[in-house]
Amino acid sequence: MNRAALGLAFLAFAGSFVLLCRRSRDAYGEISPSIERCLTYPDRYDGREVRGYPFEVVAAGPGDFTVEERGVKIRVSPRPDDVQAGDYVGLVSTFRREGVLEARTVTRVPNYPLRRGAMFGVSILAMAFVAWLFLKTFRVSAADGWVRSA
Amino acid sequence: MPDAVTHLAGARLLGSLWTPERRVLLYVGAILPDLVEKGLRVLFSSGNFFAMPAHSVLGATLVCGALCVLFDARMRRDAFGLLWIGSMLHIAFDLLKDPGEGLGLPALYPFATDGYGLGLFRSEDSLLLVPVSLAVIGLVEWRARK
C-alpha cells in the first residue's frame with residue numbers, strides 16, 4: 386500500500402471515530418443532560434432525570450445542599466442527614482424548571498479524591514511502564530512507520 | 066475504569082499465547098481505551114460524553130484501525146489484531162464494575178445507547194485489586210521463566 390492510501394485509511398478510521406464522538410456527545414447530552422444544559426434551557430429539561438457520579442457538595446443547608454459540576458452549581462433537595470459540604474455524592478435526581486434538583490437517590494462516596502488520585506497515580510506508573518516497553522521493542526522508521534527494533 | 070495494573074494483569078494472563086514483542090501490543094491495547102478517553106478529555110477539555118466511544122466496541126475498533134496504519138506493512142495485521150484483543154479485554158474488565166449513579170459502560174454504542182455494568186466493584190475501589198493483579202503478573206512471569 387502506498388503512503389497516500391495509508392494516509393487515507395488513517396483519516397477514514399480517525400475521522401469516523403471523531404464523528405462517533407460528536408454523535409455520542411449529542412446523544413448522551415440529551416439522555417443525561419448536564420447541569421449547565423438544564424439551567425440554560427430550564428423549560429426544555431423540566432422533569433428530566435439528571436444523574437451524576439460523583440458530584441462535589443459545595444454547600445449544605447438545613448434541608449438542601451448545593452453540588453457543582455464543571456464549575457456550575459445547583460441546589461438539591463432534600464438533604465440526607467449524612468451529607469455535608471466537602472463530600473462527594475452519587476446522585477439520581479429530577480430537574481425542575483425553578484433551577485433545583487429533586488433528589489431520588491443520594492449516595493455518599495467516602496474519600497473519593499484520595500482513592501481516585503491513588504488509582505490515577507498507580508495507573509500512570511503502569512502506563513509509563515508500557516510506554517517504556519513499547520519504545521524498547523519498536524522504533525520509528527521514516528519509510529515504514531513503527532518497526533521492530535531488533 | 067479499573068486501574069491500569071488490573072488491565073495489564075489480564076493482558077499478561079492472556080499474553081502467554083504470544084511472543085514477548087507481540088505481547089507489548091496487547092498491553093498497549095489493554096490500556097488504549099483509557100489513554101484515548103483521558104487524552105480527548107484533556108486535549109479538548111471535553112465532557113465525558115464526547116470521549117465515551119473510546120470504551121465502545123466500534124469506537125475501540127476504529128482507534129485500533131487508525132493506529133495499525135502507523136505500523137510496518139509486515140506487522141500491520143498483527144498490530145491491529147493484538148491492539149483490538151487488548152482493547153476488548155479492557156472493555157470486558159470495565160463491564161465488571163458498578164456504574165453507580167452514572168450511565169454505565171456504553172459498550173454497544175452507537176447500536177445501543179444503554180450503559181452496562183455488572184456491579185462487582187466501584188471504579189475507585191479497584192485499587193484494592195492492585196496487589197492481586199501484581200501477584201498474577203508475578204506468578205505468570207515466574208512460570209514463563211521456569
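As given, the protein sequences belong to chains Z and P, one line each in that order.
If you use the numbering used here, the first sequence closes out at 535, no skipped numbers anywhere.
If you use the numbering used here, the second sequence closes out at 211, no skipped numbers anywhere.
Don't be surprised by glycine CBs; every beta carbon is placed ideally from N, CA and C.
- With the criterion set as a beta carbon lying under 8 angstroms from some beta carbon of chain Z, the members of the segment 167-181 of chain P are Gly-167, Leu-168, Pro-171, Tyr-174, Pro-175, Thr-178, in sequence order.
- When the five nearest sequence neighbours on each side are left out, the beta carbons in the same chain lying within less than 8 angstroms of the beta carbon of P/Val-195 are those of Asp-68, Val-70, Thr-71, in order along the chain.
- Rounded to the nearest angstrom, the Cβ distance from Z/Gly-432 to Z/Leu-476 is 16 angstroms, too far for a contact under 8 angstroms.
- Looking from the CA of P/Val-134, the closest CA among Z/Val-443, Z/Phe-398, Z/Ser-534 belongs to Z/Phe-398.
- In the pairwise beta carbon analysis, the segment 403-423 of chain Z is classified as touching the segment 106-123 of chain P: at least three pairs are separated by under 8 angstroms.
- Contact between the segment 174-193 of chain P and the segment 443-452 of chain Z is absent: fewer than three C-beta pairs spanning the two stretches fall below 8 angstroms.
- Nearest CB-CB separation between Z/Trp-531 and chain P: below the 8 angstroms threshold.
- Taking a contact as a CB-CB distance under 8 angstroms, the pair P/Leu-154 and P/Leu-79 counts as one, their CB atoms being some 6 angstroms apart.
- Proximity of chain Z to P/Glu-86 at the Cβ level (cut-off 7 angstroms) is accounted for by Thr-522, Arg-533, in chain order.
- With a contact defined as Cβ atoms closer than 8 angstroms, P/Ala-76 and P/Gly-151 qualify at about 6 angstroms.
- Per the C-alpha coordinates, the member of P/Ala-144, P/Leu-148, P/Leu-168, P/Phe-136 positioned closest to P/Ala-125 is P/Leu-148.
- With 16 or more other Cβ atoms from the protein chains shown falling within 10 Å of its own Cβ, P/Glu-189 counts as buried.
- Closer than 8 angstroms to the CB of Z/Gly-471 there is not a single CB belonging to chain P.
- The alpha-carbon separation between Z/Phe-440 and Z/Val-491 amounts to approximately 10 angstroms.
- Following the DSSP letters along the chain, one finds Z/Arg-460 in no alpha helix (DSSP H) but inside the beta strand (DSSP E) bounded by residues 457-462.
- Contacts between Z/Ile-416 and chain P, judged by CB atoms closer than 8 angstroms, involve Leu-168, Thr-178 in chain order.
- Nearest C-alpha to P/Ala-172 among P/Pro-98, P/Leu-132, P/Thr-84: P/Pro-98.
- Going by DSSP, Z/Arg-524 is part of the beta strand (DSSP E) stretching over 523-526.
- The alpha helix (DSSP H) runs lying completely inside the segment 411-494 of chain Z and spanning 4 residues or more are 420-425, 427-430, given in chain order.
- Remark: three or more beta-carbon pairs, one from each stretch, lie closer than 8 angstroms, so the segment 518-531 of chain Z and the segment 85-100 of chain P are flagged as touching.
- Taking 8 angstroms as the cut-off, the beta carbon of Z/Arg-410 is found closer than this to the beta carbon of P/Phe-114.
- Contact annotation: P/Asp-159 and P/Arg-187 have beta-carbon atoms that are not nearer than 8 angstroms.
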